[in-house]
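Undergrad:
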Amino acid sequence: MNVKRLSSNLLFSYALVLIQFLTLGALLLTGSLFANGVGLVVQILGVLLGLWSLHTMHWGKFNITPDPRPDAMLVQVGPYAFIRHPMYLSIGLFFVPLVISEPTVERWVILMMLCVDLLIKLHYEEQLLRQKFEHYAHYSTKTHKLIPFVF
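Residue numbering for the sequence shown follows the working numbering, beginning at -4 and increasing consecutively.
Next comes the structure, spelled out in structure tokens:
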């Protein structure tokens, strides 16, 4: 483990988390909690992926901010063997069907804000993980960031 000082900015990290929760809350409050048909199946897959990710990472080691904990270990098993940010994908799998099933301009704008926030958070987290773990660069060559075989 690399013990270099991380150049994290906690205020920036908390701002990203605040935007994430505000947009998630807005999506939940502006329509149904569940999509219909195929959308519901996608939502269930998103929940299962999120639970698998949390279980793999170990519930007590989970951190809501993109900043790695001091005792963090680089997880490369479970869903992390395929994608580096399965929790972000699980959020997308749950919330995109909600907007598709009850589309409004307001909900599309909120979803786009969430996507931009998660992409910024993802790239920021990648920078911090590269600083924290000397093997992260190699790990990132074997996996995709968010969508298997695509991105």
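Built from N, CA and C at the ideal position, the CB exists for glycine as well.
Can you tell me which of the three DSSP states Ile105 falls into?
TA: Here Ile105 sits in helix by DSSP.
Undergrad: Between which two residues does the alpha helix (DSSP H) holding Lys137 run?
TA: Per DSSP, Lys137 belongs to the alpha helix (DSSP H) from 131 to 137.
Undergrad: Alpha carbon to alpha carbon, how far is Glu101 from Ala76?
TA: The alpha-carbon atoms of Glu101 and Ala76 are separated by roughly 36 angstroms.
Undergrad: Going straight from the alpha carbon of Thr25 to that of Gln38, what length do you get?
TA: Cα to Cα, Thr25 sits roughly 17 angstroms from Gln38.
Undergrad: Is it the case that the Cβ atoms of Pro65 and Ser48 are separated by a distance below 7 angstroms?
TA: For Pro65 and Ser48, no; Cβs fall outside 7 angstroms.
Undergrad: Taking DSSP's pairing of strands, which residues face Ile78 in a bridge?
TA: Beta-bridge pairing links Ile78 to His139.
Undergrad: Give a yes or no on whether the C-beta atoms belonging to Ile105 and Thr18 are separated by under 7 angstroms.
TA: Contact: yes.
Undergrad: Going by the CB atoms, is the gap between His139 and Ile78 shorter than 7 angstroms?
TA: Contact: yes.
Undergrad: When you compare each of Tyr9, Glu121, Leu40, Ile14 to Pro92 by their alpha carbons, which one comes out closest?
TA: Ranking the options by Cα distance to Pro92, first place goes to Leu40.
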